[in-house]
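In my numbering, the protein residues as written are -4 to 247.
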């Protein structure tokens, strides 16, 4: 179900155990060859593909295209909400549904910079409603919901998501090839950080002068189709688990 298609009595008639899924993405630079709307386009496509198997059992809100993209601000075209502003925005969006007694709220993320704010927003909400045992509050990123696509697709060069990389470029080549520039001319930019597993505070230009991270030249539309199918199946499997969750009795 799409929230945007419903009238308020339709929403009011829903079971409060129906999972509410809020897709969150970004509008930011994606190298010299991909559009600034890449993250939102890709998450929108993953959600679109995941929707039919979940018909009538999950409520999807419209995609939130603004993200926490401060690390990309050196590149023109990037739009960002500051991290703490964004965190509060996500808390408010989820709490809109808690106010109306929905009990299963899921932030589905499509941008790396949103991972920490989304996790913190969900964490803080759970503390606020700590006496509610019937709540399931989750944040998840679509490319980390299952096994690495490389486990089943040996043609992939990268073992993980980068930025305007082989994976993202392949998926945009599949759904919007007219928006892709000369990705074959893009030189590889290492994904690994020398201080891993520590988390380094970084801006994009610390790692890439041109904006991409990974190996865009290895992309293809065929890889993109396999990646999108993989990620959509992972999302469906994850939301099936949310639907099946046996909620404890509330003691508030």
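C-beta atoms are modelled at their ideal positions from N, C-alpha and C, and glycine is treated no differently.
Legend entry - Option in 158, 113, 44, 230 with minimal Cα separation from residue 139: The residue you call residue 139 lines up with position 144 of the chain shown. When each option's Cα is compared against that of residue 139, the closest is 230.
Inset, instruction - Give a yes or no on whether the C-beta atoms belonging to residue 64 and residue 23 are separated by under 7 Å. - result: Position 69 of the chain shown, counted from the start, is the residue given in the question as residue 64. Position 28 of the chain shown, counted from the start, is the residue given in the question as residue 23. Yes; because the gap between Cβ atoms is below 7 Å, this pair is in contact.
Inset, instruction - Please say whether residue 66 and residue 199 have beta carbons closer to each other than 7 Å? - result: Here residue 199 is taken as the residue at index 204 of the chain shown, counted from 1. Here residue 66 is taken as the residue at index 71 of the chain shown, counted from 1. Closer than 7 Å, so yes.
Inset, instruction - In the DSSP assignment, find the unbroken beta strand (DSSP E) run with residue 135 in it and report its ends. - result: Sequence index remark: in the chain shown, residue 135 carries index 140 (1-based). Taken as a continuous stretch (DSSP letters only), the beta strand (DSSP E) holding residue 135 covers 131 to 136.
Legend entry - Sufficient close CB pairs (3 or more, under 8 Å) joining the region 45 to 54 to the region 163 to 182: No, the region 45 to 54 does not touch the region 163 to 182.
Inset, instruction - Reducing DSSP to helix, strand and coil, say where residue 13 ends up. - result: For the purposes of this step, residue 13 is identified with residue 18 of the chain shown, where counting begins at 1. Coil at residue 13, not helix or strand.
Legend entry - residue 56 to residue 93 span [Cα, whole Å]: As a position in the chain shown, residue 56 is number 61, starting the count at 1. As a position in the chain shown, residue 93 is number 98, starting the count at 1. Cα to Cα, the separation comes out at about 14 Å.
Inset, instruction - Could you tell me how far apart the beta carbons of residue 161 and residue 76 are, in whole angstroms, since I believe they sit closer than 8 Å? - result: The residue labelled residue 161 in the question sits at position 166 within the chain shown. The residue labelled residue 76 in the question sits at position 81 within the chain shown. Not really, about 28 Å apart at Cβ, beyond 8 Å.
Inset, instruction - Let me know if residue 72 comes out buried or exposed under the rule of 16 or more other beta-carbons within 10 Å of its beta-carbon. - result: For the purposes of this step, residue 72 is identified with residue 77 of the chain shown, where counting begins at 1. Exposed: under 16 other Cβ atoms inside 10 Å.
Inset, instruction - Just mark residue 34 as buried or exposed, buried being the case when its beta carbon has 16 or more other beta carbons within 10 Å. - result: Here residue 34 refers to the residue found at position 39 when the chain shown is read from its first residue. It is buried - the Cβ of residue 34 has at least 16 other Cβ atoms within 10 Å.
Inset, instruction - Can you grab the Cα-Cα spacing for the pair residue 168 / residue 216, in whole Å? - result: Sequence index remark: in the chain shown, residue 168 carries index 173 (1-based). Sequence index remark: in the chain shown, residue 216 carries index 221 (1-based). Here the C-alpha atom of residue 168 lies approximately 5 Å from the C-alpha atom of residue 216.
Inset, instruction - Determine, using beta carbons only, whether residue 166 and residue 37 come nearer to each other than 7 Å. - result: Translated into positions along the chain shown, residue 166 becomes position 171. Translated into positions along the chain shown, residue 37 becomes position 42. The Cβ atoms of residue 166 and residue 37 sit closer than 7 Å to each other.
Inset, instruction - Go to residue 102, then tell me how far its beta strand (DSSP E) extends in each direction, as first and last residue. - result: Taking the first residue of the chain shown as 1, we reach residue 102 at position 107. Start and end: 99 to 104.
Legend entry - Own chain partners of residue 141 with C-beta closer than 6 Å, once the 5 adjacent residues on each side are dropped: In the chain shown, residue 141 corresponds to position 146, counting from 1. Correct list, in chain order: 229.
Legend entry - residue 134 burial status per 10 Å Cβ neighbour count (16 or more: buried): The residue labelled residue 134 in the question sits at position 139 within the chain shown. Flag for residue 134 reads buried.
Inset, instruction - Can you say whether residue 86 is buried or exposed, counting buried as having 16 or more other CB atoms within 10 angstroms of its CB? - result: Position 91 of the chain shown, counted from the first residue, corresponds to residue 86. Buried, by the Cβ-count rule.
Inset, instruction - Report yes if the C-beta distance between residue 184 and residue 154 is below 7 Å; otherwise report no. - result: Taking the chain shown and counting its residues from 1, the one referred to as residue 184 is at position 189. Taking the chain shown and counting its residues from 1, the one referred to as residue 154 is at position 159. Contact check for residue 184 against residue 154 fails: the beta carbons are separated by 7 Å or more.
Inset, instruction - Using only alpha-carbon positions, find the residue among 59, 88, 108, 234 that is nearest to residue 78. - result: Translated into positions along the chain shown, residue 78 becomes position 83. Proximity to residue 78 across 59, 88, 108, 234 peaks at 108, based on C-alpha coordinates.
Legend entry - residue 115: first and last residue of the uninterrupted alpha helix (DSSP H) it sits in: Looking up residue 115 in the chain shown gives position 120. It spans 110 to 123 - the alpha helix (DSSP H) in which residue 115 sits, taken as one unbroken run.
Inset, instruction - Within its chain, find whatever has a CB closer than 7 Å to the CB of residue 233; leave out the 5 residues flanking it on each side and keep chain order. - result: As a first step, residue 233 must be located in the chain shown, where it is residue number 238. Closer than 7 Å at Cβ, skipping near neighbours: 135, 140.
Legend entry - residue 6 beta carbon less than 7 Å from that of residue 53: Taking the first residue of the chain shown as position 1, residue 53 is located at position 58. Taking the first residue of the chain shown as position 1, residue 6 is located at position 11. Using a Cβ distance threshold of 7 Å, residue 53 and residue 6 do not count as a contacting pair.
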